[in-house]
Amino acid sequence: MSMLNIGKLGHDAAEYYLETVASGVEDYYLHAGEAPGQWLGAGSHSLALRGEVSGDDLRRLLGGTHPASGEAVSHARGGRQRLPGYDLTFRAPKSVSLLFALGEGEVSRDVKTAHEAAVRAALGYLEREAAFGRRRGEGGMVPVRGEGFVAAAFQHRTSRAGDPLLHHHVLVANLVRDGQGGWGALDGRLLYTHAKTAGYLYQAELRAQLSRRLGVRWTPVMRGSAEIQGISAEVIRAFSRRRSEILARMAERGESSARAAQVATLDTRRAKDHEVQPEGLLPEWRSRAAALGLAPETIVGIVGRADKAPERPTDTEVAKALAELASPTGLTAHSSTFTRRDVVRALCERLGPAGDAAAVEAAADLFLANPAVLALRTTPVPGSRAVIRVASGRVVPAVPDECRFTTEEMLATEREVIEGCLERNARRHIARGEREVTLELDNGLYVVERRPAPASEAVVDAAVRARPSLSAEQREMVRCLTTSHDAVMVVRGHAGTGKTSALDACRQVWERSGRTVIGCALSGRAAAELQAGAGIESTTIERLLLDCVQYREQILPRGDAVLVVDEAGMVGTRLLGRVLTAAAKSDATVVLVGDDHQLPEIDAGGAYRGLCERLGAVELVDNRRQREEWERQALVLLREGRSDEALAAYVEHGRVVLGPSADCVRACLVADWWAAERSGGDNIMVALRRADVGELNERARALRVGAGEVSGPTLRLPTGEFAVGDRVVTTRNRRSLGVVNGSRGTLVAVDERQRTMTVHLDGRRPDEPGRVSVLPTEYLQAGHLRHGYAITGHKAQGMTADRAFVLGDEAIYREWGYVALSRGRTENRLYVVAGDLEPTDDSGHGRIPTTQSESLTLRLIQSALMKSSEQRLALDQFQNLAGRLPAAELAPPPIAPKDLDDAGLRAAAAAAERALTHREPFPDLAEPNLVDPGRTVAQLSEQQQSLTERRARLEATMENSRTRLARTEGVIARRRHGEERGWLQGDLSRGTRDIADIDRQLPQLETRIGAIRGDQLAVDSWYWRQADAARGWRELYDEACARIARRVQAAGAAPSIAGHAAPPASFSAQWEWWSSAVEVERSRLWEGPRSAASQTPAQPKRHGQSPTSLAVRPDVADVVGRVDAAEAAAERRRERQRERARRPGFGSDHGHPTGVHERQHAAEQEQTARAPRISP
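To convert, note that position 653 of the sequence shown is 653 in full-length UniProt numbering; the numbers rise steadily by one, no gaps.
The following block contains the structure:
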């Protein structure tokens, strides 16, 4: 449940507030028994609004007038009605509300204080990030920063169901004042953009406050939210009757979207009984809580369970969190770029109870200032999914010019993929026709590259003639792929264009030319379909990479192998990079087949699209699947983002079915599917969410059971009940059983005693009979078998059916809709709920009129299908290594040390020393004695990789042993193969022990690597915070040394003027004179002038001492020395990066060929490195 909801006070609701309600708008917010409202926000101060909120002032503000003078301060544009404002509702987690309601005096007051502090912290974030107006400028409306919000905060303590619910309504008027004193309307898009992040910060501040005040413990943070340990889920559910009402109504309607939740909220809303005070409910609350085990003594035990949290997270905690964010499994795990909002939300979940809002934002800024984090251009991608879904479910555009970031690791990975492919293709065109070529690399080294034998025209023509059904573009694809000299080729094919059929012809040409053809895909089902449709031996990408560790030469013979990657548009950039690396090591040709307009990558992606744009792609556009011409044209329109025209075509031909409720729509969809089943053919139902798939499966199974098609013994599993005749789908690859994730089939036998099932799997081709597989108990109990009448869109990609029945709502997007509506040859239908309510007031406090909803529903679906979830490379958005953050206003330049007089130099030096010594101490390191942490991490990572690969080999060997052992089951076989069975069982026992040993070592290695990386980041963070102060101190130190040297030199020329004795004539005595003069000048400079009576002769220094020493304090010297050491370590890392950039990448173990512009890139990195330099 969201902890911050934003409700828009609609036009009709404003009139309702101001005119219809007897007491006006303040009736809801200012009802008796609750604390009086308080004015918040910098904008309130501009209107002289402080302290308690009065109804008259609030009414005038919502009307857009000055609360004192009554003059209008904001006007609606274009004759439109003015929006009064926004209702920001901050809700405490239910366990916090229960602690507030049931805790004794001090505990309750601490919870209330913590909640108020959290609301102020979150509102402060929103003021800084979202208090903007808009003004017309060149090229349209431009954002204008405002002074702050005009906001009124009201605390409420109960829900409408009479349960404890500590929450604040913060009413933000639709007013903002700019820097010139003018008033205008808020840009509401920013409120919705930053709402989720503000909710995370509210929760982080609340956890920090309660941890410090009460010492409570928390459950793990999930999606920004956590509950107090000690208050059970049962108690939370019992005191969440309002939420239960909403969920029950949504379940009744079979809906789960944000709009459905809002409609259910309004549907079940009851008026608050303002006569009932929370104090009157307290006895009933305590009685209910005690019955559930939450007695007063339990409450006392909840408080003080943990030590009270510190005021701020430690450097080690921050460093560990930032290291996680910068890693490949951090912010760039599922997207190549991120925003500051993403960083803040991730840190809210990682910094622990000490991470309050201020600490989170400071850590976020520290992370973005790291040289390993790069800023990208902010130009929006046309048609991208840059939208916000408001509480009612309506989609509004997000802010298009928000700065996005990526990491050096992500950008380097993308460069290696793109430039590696470009370079491999460029090398293939050197000395074309030669089977083996020696190439000189940029660094002067040489490498031998092996080329494949060319395919003859006769072999190509024979393969094409043998398949007369191939279209002209398919034949052209065969010729391009089989005769090209490129090492990496890309095929982009629309849905239903026959990519697999054309690959079958390519396979024949390659094999007859003496080449080995191997296929792989992200999923086991896609690999199986590639093998069945194109005859290419195929496996999953992960299995291929594991096999290549030990058997690369056998799998990919050097120079003669062709590796076909199917559904390449769904493969993440990092995984695709590993595939290309493996292929490059064997000089294999790679063919990437996919469609970047179908379902996008789950991991950070964009590589396939980037290669299409840079290498050029063989295009297949002729749809051979759909039989109707209008449907083929509609799919093209949908693919291009012209969803209004596409949806109009489906409506015109009766392919869009609308119903008044979810139950009605689902019943209609299943009834149509059942009728299609009666007429024969392969029919499938497709839905976006697994919950919807589960309900459709239940309805479809009930029909089949009623018709007697599913009968016999029933086996109850975690995923449902199964009997003979059930259609099923497997969800886990298991090669020994002959099933992959996505295999569909029909149950033909159920063994209740052995708890096994026999499945007749569908053939991979329509004319293929399929095979039978017996699924054992452990596979079934693990939940790897589900009903297969309906499937998700991801499982549907790549399959073909006769008819597809698609369940849609406003949560679908362009790529998903294109895949789902292109599965059926004969017919594809879209089923949508046309609800009978459209909330005009997102807060729900106004009137909700009924509307004509069918056209509205179609507009919502049209808008959803217009939005794209495509992924793009960070490399495409990369602009400049400089300017990692938007430039801030510069402070006045400090006075240079050489321009200071002696007193100024002394004061500046004292201030610099204080800045160095009064800052945080050097962080405690997990392994402080490491000489080169980077090299140690590399060695540990290699050891980790070696153990992981060994574990994979052991698993493969054990899987083979299990298969062989299964073949020797039975009384006769056991006697005949007794000795072999003993060997196999011994192998399994040893393998189990070895894997257990590896599993013990891997977490230890991971922990140590994480600790060392955390140490590195902690040192770097400390260094960045200390560097400016150390540099300033060093400049003052150097100036003081130079000033003393100049004065001593002048004293040698004119000693009487300088107040020194004349220098001696003998050379041996000059050293003592010089050192004494230095000490005199040092004292004069560093200690100021002294009276003659207090002066004593300076003692000469010994020969081992520096003649220009400033007697540096040991603590200052320690800090400066550590800064120097950190800078030296950073320089060593940069030097290693430059060495790697100069090193040849071709044939190495670290990746495929480095790019031809790698040196230029390294030079740019070196030139734009922003590490502060400290003079020696």
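Backbone N, C-alpha and C fix where the C-beta goes; we use that ideal spot for every residue, glycine too.
Since the model is a prediction, treat every value here as computed from it, not as a measurement.
query	result
Alpha carbon of aspartate 1015 to alpha carbon of alanine 364, nearest angstrom	18 angstroms
Residues of its chain near aspartate 802, where Cβ-Cβ distance is below 7 angstroms and the 5 sequence neighbours each way are ignored	Gly681, Asp682, Asn683, Gly824, Arg825 and Thr826
Alpha-carbon to alpha-carbon, tyrosine 818 and arginine 655	14 angstroms
Whole-angstrom distance between leucine 940 and cysteine 506, CA atom to CA atom	44 angstroms
Residue range of the beta strand (DSSP E) that includes aspartate 751	744 to 751
Proximity below 8 angstroms, CB of leucine 201 to CB of valine 344	yes
Minimum C-alpha distance to aspartate 504 - residue among Thr714, Arg1008 and Leu481	Leu481
Sufficient close CB pairs (3 or more, under 8 angstroms) joining the region 616 to 624 to the region 470 to 490	yes
Best match in Gly70, Ala101 and Ala130 for proximity to alanine 42 [C-alpha to C-alpha]	Ala130
Arginine 427 versus threonine 413 - alpha carbon distance	21 angstroms
Reference valine 724; option with closest CA among Arg744, Ala702, Val759 and Thr730	Val759
Uninterrupted alpha helix (DSSP H) stretches inside the region 551 to 624 (no shorter than 4 residues)	573 to 585 and 607 to 615
Completely contained beta strand (DSSP E) runs for the region 759 to 804, where each covers 3 or more residues	771 to 775, 785 to 787 and 790 to 792
CB-CB length for glutamate 572 against aspartate 603, believed under 8 angstroms	Per the sequence shown, the amino acid found at residue 572 is glycine instead of glutamate. At roughly 3 angstroms, the Cβ-Cβ gap stays under 8 angstroms, so glycine 572 and aspartate 603 are in contact.
Three-state class that DSSP yields for phenylalanine 367 in the structure shown	helix
Alanine 1077 versus arginine 1031: straight-line alpha-carbon distance, rounded	28 angstroms
Beta bridge counterpart(s) of phenylalanine 90 as assigned by DSSP	Leu4 and His168
Simplified DSSP assignment, three categories, for aspartate 809	coil
Local Cβ density within 10 Å of proline 713, reported as buried at 16 or more and exposed below that	exposed
Serine 946 burial status per 10 Å Cβ neighbour count (16 or more: buried)	exposed
Contact under 8 angstroms by Cβ, valine 740 with alanine 528	yes
The region 221 to 238 in contact with the region 284 to 293 per 3-pair CB rule at 8 angstroms	yes
Sequence-distant residues of its chain with Cβ nearer than 6 angstroms to tyrosine 831 (five each side left out)	Val657, Val665, Leu669 and Leu807
Whether threonine 800 touches arginine 625 by CB criterion (8 angstroms)	yes
Anticipated Cβ contact below 8 angstroms, leucine 206 with alanine 295, distance rounded	Contact flag wrong, Cβ pair sits at about 25 angstroms.
Classification of arginine 109 by the beta-carbon crowding that lies within 10 angstroms, buried from 16 upward	exposed
Length-filtered (4 minimum) alpha helix (DSSP H) runs lying within the region 279 to 358	296 to 302, 315 to 326 and 340 to 350
Beta-carbon proximity of alanine 583 to valine 590, cut-off 8 angstroms	yes
Option nearest alanine 204 by Cα separation, candidates Arg312, Arg340 and Leu102	Arg312
Proximity winner among Gly616, Arg515 and Glu436, relative to glutamine 554 (alpha-carbon distances)	Arg515
Backbone CA spacing between leucine 422 and arginine 1008 [nearest angstrom]	38 angstroms
Buried or exposed by the 16-neighbour rule on C-beta atoms within 10 Å, applied to arginine 1102	Only weak support is given to the placement of arginine 1102: the predicted model assigns it a pLDDT of 41, under 50, and the value that follows is read from those uncertain coordinates. Result: exposed.
Three-state class that DSSP yields for glutamate 838 in the structure shown	Any reading at glutamate 838 must be qualified, since the residue scores a pLDDT of 40, below 50, and its modelled position is unreliable; the value itself is stated next. Coil, per DSSP.
For threonine 963, the first and last residue of its enclosing alpha helix (DSSP H)	933 to 967
C-beta contact flag for valine 729 and glycine 788 at 8 angstroms	yes
Enclosing beta strand (DSSP E) for threonine 714 [first to last residue]	711 to 717
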